[in-house]
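Trainee:
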Amino acid sequence: MIPYGKQDINQADVDAILEVLNSDFLTQGPKVPAFEAKVAGHVGARHALAVNSATSALHIACLALGLGRGDWLWTTPVTFVASANCGLYCGAQVDFVDIDPNTYNLCPKALAAKLDQAEKAGRLPKVVVAVHLCGQPCDMEAIQDLAVRYGFKVIEDASHAIGGKYKGEFIGSGAYSDITVFSFHPVKIVTTAEGGMALTNDDDLASKMNLLRSHGITRDPQLMTREPDGPWYYQQVDLGFNYRMTELQGALGVSQMDRLDQFVARRHELAARYDDLLADLPVRTPWQHPDSYSGLHLYVVRLQLDRIERTHREVFESLRGQGVGVNLHYIPVHTQPYYEAMGFSPEEFPESMAYYREAISLPMFQGMTDSQQDEVVRALKTAVGAEQA
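So for the sequence shown, my numbering puts the first residue at 9; every next one is plus one.
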């Protein structure tokens, strides 16, 4: 089975982990700070805080921005559930903004229209989570302009997008948002097995997230309520969580970052090759905005079902049956039973539902060979009934 995504581990990665296993620190040592510094330096952010998952990073980002009961978080329906759940964790309410039909990201025009209505109703969002689906950045300039006008905070959910750029700047630089979140799950561009990171240029936000990721505990006398009892002393000054990243993960991250640019470049080679090989098939290949340089975590095609005598499901199952591990990113969040119980209906966001009815994620990973890609294309031709194309 050719997977839709797969980690790329080399001997340098293995050696980095073995070094930690033979060291004095398996957690809370020097490797996690080194990883944070490496990512922050690469993307041009002032602060980077590594945690055990991107979900944890989203949670502490929302808390640091003051999201709580009585507040609203808005995001896109076409994302993993964590992009919305992070608001619920804080006691806030969640709503969605439909996608742009070309980029599949949160649509700035739909956002502007919804903000206008929300202002009149007195229920503007406190936080908007802009998800860079597949690695292609949202129109962050337009979203930032709306944030200034309507007074909400912006989190970039860049779980798919490390190594990508927007208007020539690396995603994560914080040029258009308050906080950016990366994921290092094994199918992502670089991996720490599990793991995530929150990046910001705001000292106060960084300090707050640093506390929240480790039980709300500090050993910094400047953050304490009184003089320390001695060198052993610490204080819990907030209600935090055990969201720390281990030294093993940090060491793997440092090693993986050495190949980030190489990983993304290979993904672009594969995407260009897919574009050529699929040009005559009844599928819509991904469109890339000229202002963006995608991290290309995913390569999503949309079936032109009016040109295919098979259903979406039949094509998907045919590909799986031929040994191609396709997937679908994502089932729109508002259609999940937990969210339907809040009153959301499937057709409330028509562009998201149209996407869901047609989308298939083809295999995309930096270790993918040209011959594997050829096999995927052959299987897709069979699946859509275009063997002779």
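For glycine and all other residues, C-beta sits at the position ideal for the given N, C-alpha and C. None of these values were measured; they are calculated from a predicted model.
#1: Drop a sphere of 10 angstroms on the beta-carbon of Leu370, count the other beta-carbons inside from all chains shown, and report buried for 16 or more, exposed for fewer.
#2: Would you mind reading off the limits of the alpha helix (DSSP H) that contains Ala362?
#3: With which residues is Tyr301 paired in a DSSP beta bridge?
#4: Going by beta carbon distance, what residues of the same chain come within less than 6 Å of Val262, once the five residues before and after it are set aside?
#5: Here's the rule I'm using: 16 or more other beta-carbon atoms within 10 Å means buried, otherwise exposed. How should Asn113 be labelled?
#6: Terminal residues of the continuous beta strand (DSSP E) containing Lys161?
#7: Hey, could you find the ends of the beta strand (DSSP E) Phe104 is sitting in?
#8: Take Leu286 and list the residues in its own chain whose beta-carbon comes closer than 6 Å to its own, dropping the five residues that flank it on each side.
#9: Once DSSP output is grouped into helix, strand and coil, what is the label at Ile187?
#10: Excluding the five sequence neighbours on either side, which residues of its own chain have a C-beta within less than 8 Å of the C-beta of Tyr155, listed in chain order?
#11: Count the other CB atoms within 10 Å of the CB of Asp212; is the residue buried (16 or more) or exposed (fewer)?
#12: Residues bridged to His55 by DSSP?
#13: So what's Asn18 in DSSP terms, helix, strand or just coil?
#14: Taking a contact to mean a Cβ-Cβ separation below 9 Å, would you say Ile17 touches Gly333 in this structure?
#15: Rounded to whole angstroms, what is the Cα-Cα separation between Met361 and Gly224?
#16: Quick one: what does DSSP say Ile339 is sitting in, helix, strand or coil?
#17: Roughly how many angstroms separate the alpha carbons of Ala349 and Thr343, rounded to a whole number?
#18: Using the three-state DSSP reduction, which class does Ala397 fall into: helix, strand or coil?
#19: Residues in its own chain within less than 8 Å of Met265 by CB, not counting five upstream and five downstream?
#20: What are the boundary residues of the beta strand (DSSP E) that Val135 is part of?
#21: With a threshold of 8 Å on Cβ separation, who are the neighbours of Glu127 within its own chain once the five nearest residues in sequence on each side are excluded?
#22: Closest to Phe249 by CA distance: which of Asn30, His67, Ala166 and Ile25 is it?
#23: Going by C-alpha distance, which of Ser353, Leu34 and Asp382 is nearest Asp284?
#24: Count Cβ pairs between the segment 85-97 and the segment 237-246 that sit closer than 8 Å; are there 3 or more?
#25: Write down the C-beta distance between Met372 and Leu311 rounded to the nearest angstrom, noting that I regard them as a contact closer than 8 Å.
Mentor: Taking the definition as stated:
#1: Flag for Leu370 reads buried.
#2: Bounds of the alpha helix (DSSP H) holding Ala362 are Pro358 to Glu366.
#3: Lys173.
#4: The residues are Ala42, Phe43 and Lys46.
#5: Burial of Asn113 is indicated by the presence of at least 16 other C-beta atoms within 10 angstroms of its C-beta.
#6: DSSP places Lys161 in the uninterrupted beta strand (DSSP E) bounded by Lys161 to Asp165.
#7: Start and end: Gln101 to Phe104.
#8: Cβ neighbours of Leu286 within its own chain (closer than 6 Å, five residues either side excluded): Thr293.
#9: Ile187 falls in the strand class under three-state DSSP.
#10: Checking the displayed sequence, the identity of residue 155 turns out to be Ala instead of Tyr. The beta carbon of Ala155 lies closer than 8 Å to those of Val136, Lys161 and Val162 in the same chain, with the five residues before and after it left out.
#11: With fewer than 16 other beta carbons inside 10 angstroms of its own, Asp212 counts as exposed.
#12: According to DSSP, which records beta bridges pairwise, His55 is partnered with Thr208.
#13: Note: Asn18 maps to coil in three-state DSSP.
#14: Cβ atoms of Ile17 and Gly333: not closer than 9 Å.
#15: If you take the alpha carbons of Met361 and Gly224, they lie about 41 Å apart.
#16: Coil.
#17: Their Cα atoms are separated by approximately 9 Å.
#18: Bear in mind that a pLDDT of 41 at Ala397, under 50, signals an unreliable position, so the number given afterwards is only what the model happens to contain. Three-state result, Ala397: coil.
#19: Here Met265 has Phe43, Lys46, Val47, His50 and Val198 as same chain residues with Cβ atoms under 8 Å from its own Cβ, once five neighbours each way along the sequence are excluded.
#20: Val135: member of the beta strand (DSSP E) spanning Val135 to Val139, first to last residue.
#21: Spatial neighbours of Glu127 in its own chain (CB-CB distance under 8 Å, excluding positions within 5 residues in sequence) are listed in chain order as Tyr158.
#22: It is His67 whose Cα lies nearest to the Cα of Phe249.
#23: It is Asp382 whose Cα lies nearest to the Cα of Asp284.
#24: Taking one beta carbon from each stretch, the segment 85-97 and the segment 237-246 have fewer than 3 pairs nearer than 8 Å; the two do not touch.
#25: Not quite, the Cβ-Cβ distance comes to about 17 Å (not below 8 Å), so this is no contact.
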